[in-house]
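Contents: one structure, followed by commentary.
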Amino acid sequence: MTRYAMAVDLNRCQGCRACVEACKIENNTPNAVFWMHVFRLEEGEFPNTKMTFLPRPCQHCNNAPCVKVCPVGARYKREDGLVLTDFDRCIGCRYCEVACPYGVNFFNWRNPEEAWGEYQIPFDDPDLASVTGGAVPPYKNPDHDVRHGPEQRLTSGSAHFKGVMEKCTFCVHRVEQGMLPACVDTCPVQALRFGDVEDEDSPISRFLRDKESFQLLEELGTDPSVVYVGGNPPSSHAREIERPLTGV
Amino acid sequence: MTVAHSRVNEPLPQGVGRLSRRWFLVVGLATAGTAIGVVGWLVEHEQGMVATGMRDVGTMGGATWGLYISMVVYFVGVSFAGITVAALIRLFNLEHLKGVARMAELLTVVALLLGALAIVVDLGQPLRGLVNLFRYARPQSPFFGTFSLVVSGYLFSSLVYLYLTSRPDAARLAAKPSKLQPLYRVWAAGYEDTPDQRARDRRVTFWLALAILPLLIVAHSSLGFVFGLQVGRPGWFGTLQAPAFVVLAGVSGIGHLIVLAALVRRVLHEEHRIGMEVFTWLGRFLMLLLFVYLYFVVVEIFTAIYQPTVNEQRIGDALLTGEYAPVFWGSVAALALPAVGLAWMAVTRRWRIGWMVAFGALVNLGAIGKRFLIVAPSQTHGQLLPYPVGTYTPSLVEYAVVLGLFSLGALLIAGFMKLFPIVEMEEAAP
Amino acid sequence: MMQPVSRRAFLKGTAAAGGTLAASRFLFETLDTVAGADALALGPVEDRVFTTCWIGKQDCGMTARRIDGRVVKFEGMAGHPRNDGTLCPKGQAQIISIYDPNRVKTPLIRTNAKGVSGEWREASWDEALQVVADEVNRVRAEDPSLVLWQKGRSKSEALYDNAFIKALGSSKLGHGAYCSDTGYRALEYTLGLHGVLNPDLLSTRYLLAWGWNITNAGGNKFCWITWPRQMLEAREKGLRIVHIDPRLRAAGPFADQWLPIRPSTDLALALALCNQLIAQGYLDRPYLTRYTNAPYLVGEDGMILKETTGDDQEIALVWDIASGSARPATEAAEPALEGGYDIDGSTYRTAFDLFKEHVNGYTPEWAGEVCGVDASLIRQIASEFGDNARIGATTVIDGVEVPYRPVGIMAYHMAQQELGFQALRAMTMVTMLVGAPGAVGGQLSDSTWKIHKNYAAFEDLAVNDPPYDFMLKGSKYFPINTGFPGMVAKVMQDPARYGVEKLPKVAILHYVNPVLAFPSQPDFLASYTKFEHMTVISPWMSETADLFADVVLPAATIEKYEGPLSAGDGYIDARVLRLPPMDPLFESRGEIDIYLDLAEKIGVLGGEGGYIEHINSELGLTDTSFALPDGARPDVRDIFDRWAKAQGLSGIDYFETNGIWVKGPVPPTSAYGYVTDPPFGGVVHRLYGESLLKAGRLMEEKGAEEIYYQDYLPFPTWRQPTMDSSPEEYDLYLISYKLVEHKQSRTTLIPLLTELSGKQRIDVNPATARRLAISDGDEVVVESHNAVTGETRSLTTVASLTDGIRPDVVGMPHHFGSWSHPASRDLGPTPNEVFFTGEGYMGQTADASFQVKVRIFRRGDRA
Ligand SMILES: Nc1nc2c(c(=O)[nH]1)N[C@H]1C(S)=C(S)[C@@H](COP(=O)(O)OP(=O)(O)OC[C@H]3O[C@@H](n4cnc5c(=O)[nH]c(N)nc54)[C@H](O)[C@@H]3O)O[C@H]1N2
Ligand SMILES: Nc1nc2c(c(=O)[nH]1)N[C@H]1C(S)=C(S)[C@@H](COP(=O)(O)OP(=O)(O)OC[C@H]3O[C@@H](n4cnc5c(=O)[nH]c(N)nc54)[C@H](O)[C@@H]3O)O[C@H]1N2
Ligand code: SF4
Ligand code: SF4
Ligand code: SF4
Ligand code: SF4
Ligand code: SF4
Ligand SMILES: [Mo]
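Residue numbers (this note's numbering), protein chains in the order written: chain A, 1 to 248; chain B, 1001 to 1430; chain C, 2001 to 2863.
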């Protein structure tokens, strides 16, 4: 059996946010939506200042609060470890978001077509449409119109319906094609790794073998599928600097 | 035969069927309010929930549950009080309170309806919701508890309850020729208030009352668990959610009952069947609940001051001195003043209906405030990862929708009063 | 370095994609891809093509995933030495800007006055090119050098920087004076190499990351990805990093030791390190004696003692201990490194002797004061540097024995300060003392040891009398002259002041946006109106074009051929071409097409000294069977096809199928100076800068003011930077830097990137903020002061508190300030509004400085 997991190497992460960008483009998430977020953290006083970077995808918890509370089973856990959202079934109650300790859920507050407005780039420009066929965004990824997994549910990509919950999918559409998640694939310094932890000698298993690691908010017992190597969990005194533009 | 006793050609009691100018005024206002709510909801539906003040928890620094969920909790609370009072009256046969029994039952039904609507307006996909919530219902989800169980199960039983207890009156009215007679015939459905029928109904309602109480506790606890079970939300997990919920629920419900009773007493000149003793009883009950609840508040304040974790500390500060302080202390005042006022009346034994109405309204404001404070701060200030502290202010749309809900409630009650006696009719002298 | 799985997956993936899409069509009748409904019937066609990043300066390799010919994603090219399968945020985000309808869609001709935001009419390519050609020819007839071709970063140097310029005979102005050309000049002068300081990163153990913005920018040479990767690899093998920077953010978690230095005092620190290395005896005498001019005998007049040979070649003399006499350096058996010697009546001392004396006063305590860091740290770093240098050690690489000095310096924008030239020289000397240049793990400057022509040219610096050309070449102001747009702007405002008679009349701007990207904005605003004609070649309406262009020619973004481009990472040598992943959008064209058409219209395409002839020679096609035939306008793909064939490849198809041409590892015999043939390319490293002294004296004679000649000294010599004489209420240093999410001013129009980077801000230390009653997020006014002219300038931005910056320093990213694109508007100002240029705010080699004294206060606090 397969169980996918992600490893984050904090000794390598440069905080560059290429993973964030790759995620946004691969999954066509609109403005202010960060399925992947990279904290840039600062601690201590000059000159004894310390900096750390902390990438934060959905943790794909093995004991996922979000799955437990979903009243309609739209948020579900797959055999292979992925925690997904069925965009056709979700009723938009946002209970999963309230239950998630990691703040990784993003609700479609806006009509998907309008969600791109803040980018101030007129995708509907006729000269452009003649090239892109009017796709919104112009780099729209067709993989997301496809149903995934044996369960054949609509689970990948972003901005499908207004009023529906979304989050990191571990790039189910890529993983099912044997590709790495977009964030892992683009990371310039290989700070992200992904693979099957059930398989003894998958790259990720080999990477994690006899290494110290921790999970975010371990104490909550959510048992994330994302494990961090090197560094420590963020201290409660950590200050976030250089925040992205997050408002809608 | 009871029918023989009936006196013909009399107008229906309690102004039923007769539409006064005052009534039209009230209904007019209520309709307007409801309309505003509908418009608000249409806007929200059109633009998406970006029209509300709610935003994502996390990088967006918002609250994804807001005023609407607060109102769900609040309305379900009100209904709780209604049905409890009604049940107590039946169970212990408190004759002197009979006058408010039906009001209480009506209040329950209306409040539950509004609670259900409050959930619907909070859904991003309301239409899907109505289908999927039942089609794919998951009992494991506390949400299922609040929605499907509380609202539907409990709405159903209280409707049955209201119906059974109203049948005797329906039978009486059915016996009179009036333009509503056909309605009452259907309502009475062959019930003729014969002694054994009456006995049977008594028994049924008794057992139903008995059944409703535990259902109630379960329902409201599960409502508490919606929050209480969330490990990831400092300020929610493990707190005295369930008990506090139930008590505050009582407070808001009794408050409403007092207001409603006073209104009816005045409008329908029911001074003797809704006598002072009704108010003293309700007043004492409310006072009792208030003091119990204020105890919870004190505990809450202390825990807020001496919080174990940084995160809970952050929420505590937000409540006591920070962003939410005005709402917090406002609500506390709105609950404390009436408590004191009622205590004073209780001691001096001088009960003033006017004041009690004011208190009844006040405690409800307090209750709404407290519900809000349970919902919002743990989201905006309860992040366990180093996200920025968030903010949440309801938008006009949300206020409009809430206004709509209250107006709809008023509309329903006003409507009921013109269809059926809101105060139980006296049994005809044998 | 990609995970094995992903390589396999990559292929599987593309194959599988088809399948899933088929499935999807089966599942839904309406699958909304770009292709219109009819095309849908056949279903979308997916493929991947190779190209290179259009944004950055290291041209990372990319594969473009296409659906029905529409690019939906860029991913890193697997196996590319620089980015092996990965991309930075900019590389990812550029996709949105290709499709940006705000691009300049057609050629535009100005319809309103210059100096204000432009109004335009669309024109045909033919019309627009004709306008440009006429203007160029009008001025060429008078004097071709008055046609100015100004460039920023260019991607096909051979084809336009060189061939096109030569064909026109026009002047060329680069962006280097704002980048790090001072560093290049310093290294050309000192080691003869065309590059700045970078270590043999993969083998070094101790690195002074000197103003190296590790986690955001490239430093020397590269754009970003390559060196961070190598840094991590080295770190996992034990590399220790000393981060010398007023900000911690640059090295972030990777600073093992942070030396928060006061801006513009790097020269002082370098001198103190020299002082300590000598004091603590960390000296590689063999290197200094054999490969530098340290043993040269210097007279009291500061001139090196020389004798003239038969073929009147001048040869420097050293003191030969063996023979006890002064002998030509080339012949002495045992040159003395130290000491003073009497030769026919007058005393001569070795250059090294003078250097020891020179740095004697530059103690750690002294430098501690100047640099605002504690002296013990400087001592400690010097000894750690000395220890790690393992003077005397050697190692064997590919069978070649090479000296092993695993210590180095990464410094690039240290060039961007008033004393940049001498600072870079002093830093180089730090590495020279321990013999690190050209050693394994030691100091490099480029991946080869090719000697740059400037090494010889700088031996004898021309200092002529006026009149000068508008770039002041060979003037008494800048004997070493990088070609400085800021200075040209000054000259254009007051030619007489600089003894200049002829000003440029026509400008062609290529890939450059001076108004936004260069200090100082006010100078460009004041001078660029003076061009009789300006053509801007750009995909975007740059701010410079908006204000000053008469004609804007829409360049394609990534959808074009460019090259040949280097793709090596310093260890592997490789070349690439940019291949267009789709046809140019709208009516845009690739630059090479534009230049070919322009050359044709101007009438310099073919014939003697024509564009084609120059292309042939620049690409090395002349007299080969691949040479472009004269006359006919060549097709761009064909040009590169011929070039590829000339390299012995099958043709351009080689790149279309393989993406990149990996030539193989750089051999140690070209990577390490000690073992090249001849060693260090046969040059003597200049510890002592005699020609600088000579030039300085000449400048003074010819009446140049002190501010110009004061730094023309044989040894790097500390003086207080000019800005320090600003009144003390200007109590803060403003510095600028780059963000990983942006590339200069060219990316703030990419909303995906601004979304990640946030808007403009100014970093303030909390202590400073408290003192000034400023809190995080407050709007603050930043007011700069010019110590020479007394002028003040100000801008308004938002305070962002961080403990990662010195309390006496504030910092701003430089990317913002754009107004010509809806998405880049309202992001905040560029610091280039308040930086100064010209005397006191530039280096002795005519290069920009990026530091100024400022005061800040809450908006509204002061009038
Ligand atoms: N993301 C990104 N990468 C880029 C670029 C880009 O625009 N964006 N540009 C590319 C180009 S063209 C270049 S030239 C390189 C530049 O590469 P770098 O030189 O590494 O990048 P900068 O940000 O210019 O580096 C300036 C650093 O020096 C520090 N500094 C400023 N003043 C002083 C001083 O007086 N003393 C000391 N010791 N430090 C000082 C700043 O705090 C900053 O950390 O980056 C390349 N890579
Ligand atoms: N304050 C401060 N200022 C700095 C720096 C700093 O650290 N601080 N860094 C300096 C450095 S290192 C450098 S290298 C310079 C760079 O400065 P520039 O080379 O001027 O870089 P950009 O600002 O990106 O300007 C490039 C312009 O070229 C145009 N362009 C974009 N893409 C293309 C294309 O494909 N083809 C053509 N023909 N044109 C295109 C766009 O109009 C864009 O505005 O900035 C310098 N400016
Ligand atoms: S891409 Fe890699 S290095 Fe950059 S932030 Fe993400 S994880 Fe860190
Ligand atoms: S991180 Fe949040 S959303 Fe993701 S699985 Fe865990 S609980 Fe669910
Ligand atoms: S928002 Fe959707 S996924 Fe989340 S709990 Fe509600 S129904 Fe489930
Ligand atoms: S795994 Fe995919 S969805 Fe999740 S963060 Fe990475 S790129 Fe985004
Ligand atoms: S590092 Fe530079 S060249 Fe490479 S992808 Fe990023 S921007 Fe492009
Ligand atoms: Mo640069």
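Even glycine gets a Cβ: it sits at the ideal position worked out from N, Cα and C.
Taking 7 Å as the CB threshold, Asp125/A lines the interface with chain C.
Proximity of the beta carbon of Phe2164/C to ligand 6 is not indicated: no heavy atom of the ligand is located closer than 6 Å. Across the structure, Gly2606/C and Leu2129/C are spaced so that their CA atoms are roughly 17 Å apart. Closer than 7 Å to the CB of Ala2250/C there is not a single CB belonging to chain A. Val1246/B is positioned such that its CB atom lies closer than 7 Å to that of His1220/B. The nearest non-hydrogen atom of ligand 1 is 6 Å or more from the C-beta of Asp2808/C. Ranked by Cα distance from Lys2645/C, the options Pro2667/C, Leu2619/C and Val2666/C are led by Leu2619/C.
Within chain B, Thr1059 have C-beta atoms less than 7 Å from the C-beta of Phe34/A, given in sequence order. Among the residues of chain C, those whose CB is under 8 Å from the CB of Pro244/A are Glu2755, Leu2756, Ser2757 and Gly2758, following chain order.
In the DSSP assignment, the residues bridged to Glu2314/C are Thr2308/C. Residue burial is scored here from C-beta neighbours: Trp1236/B has at least 16 other C-beta atoms within 10 angstroms and is therefore classed as buried. Proximity of chain A to Ile2067/C at the Cβ level (cut-off 7 Å) is accounted for by Pro142, in chain order. Considering only Leu2108/C, Ala2064/C, Arg2048/C and Lys2221/C, the residue with the shortest C-alpha distance to Ala2555/C is Leu2108/C. Distance between Ile2652/C and Arg2642/C, taken at the CA atoms: about 8 Å.
Among the residues of chain A, those whose CB is under 8 Å from the CB of Tyr1387/B are Gly103 and Glu240, following chain order. According to the DSSP assignment, Gln2380/C belongs to the alpha helix (DSSP H) that extends over Ala2375 to Ala2389.
Pairing Leu2277/C with Ala2382/C gives a Cβ-Cβ distance under 7 Å. A straight-line Cα-Cα distance of about 31 Å links Phe2355/C and Val2852/C. Runs of the alpha helix (DSSP H) spanning 4 or more residues and lying entirely within the region 171-212 of chain A occur at 172-175, 182-186 and 203-208, in chain order.
In the DSSP assignment, Glu2783/C is bridged to Ser2794/C and Arg2855/C.
The alpha helix (DSSP H) runs of length 4 or more contained entirely in the region 1106-1188 of chain B are, from start to end of the chain, 1126-1135, 1155-1174 and 1181-1188.
Put simply, of Asp1056/B, Trp1023/B and Lys1418/B the residue whose alpha carbon is nearest the alpha carbon of Val1389/B is Asp1056/B. DSSP, read as helix, strand or coil, puts Ser1407/B in helix. Between the region 1114-1130 of chain B and the region 1286-1294 of chain B there are fewer than three inter-stretch CB-CB distances shorter than 8 Å, so the stretches are not counted as touching.
Between Met1054/B and Gly1066/B, the C-beta spacing is below 7 Å.
Its Cα nearest to that of Pro2328/C, the residue Ile2315/C stands out among Asp2778/C, Ile2315/C and Lys2221/C. For Asp2100/C, the chain A residues whose C-beta falls within less than 7 Å of its own C-beta are Ile121, listed in chain order. Looking at the backbone, the Cα of Pro2766/C and that of Val1332/B are separated by about 38 Å. Interface flag for Gly1153/B against chain A is unset, since no Cβ pair is found closer than 7 Å.
With distances taken between CA atoms, Pro138/A lies nearest to Ile2067/C out of Glu2122/C, Ile2067/C, Leu2159/C and Asp2181/C.
Exposure of Leu1019/B is indicated by the presence of fewer than 16 other C-beta atoms within 10 angstroms of its C-beta. In the structure shown, the three-state DSSP call for Ser2617/C is helix. For Pro234/A, the nearest beta carbon of chain B is closer than 7 Å to its own beta carbon. For a Cβ distance threshold of 7 Å, residue set Leu2752 of chain C lies close to Lys24/A, ordered along the chain.
Within the DSSP secondary-structure output, Ser2566/C pairs in a beta bridge with Arg2575/C.
For the set Arg3/A, Met36/A and Glu166/A, the Cα lying nearest the Cα of Trp109/A is the one of Glu166/A.
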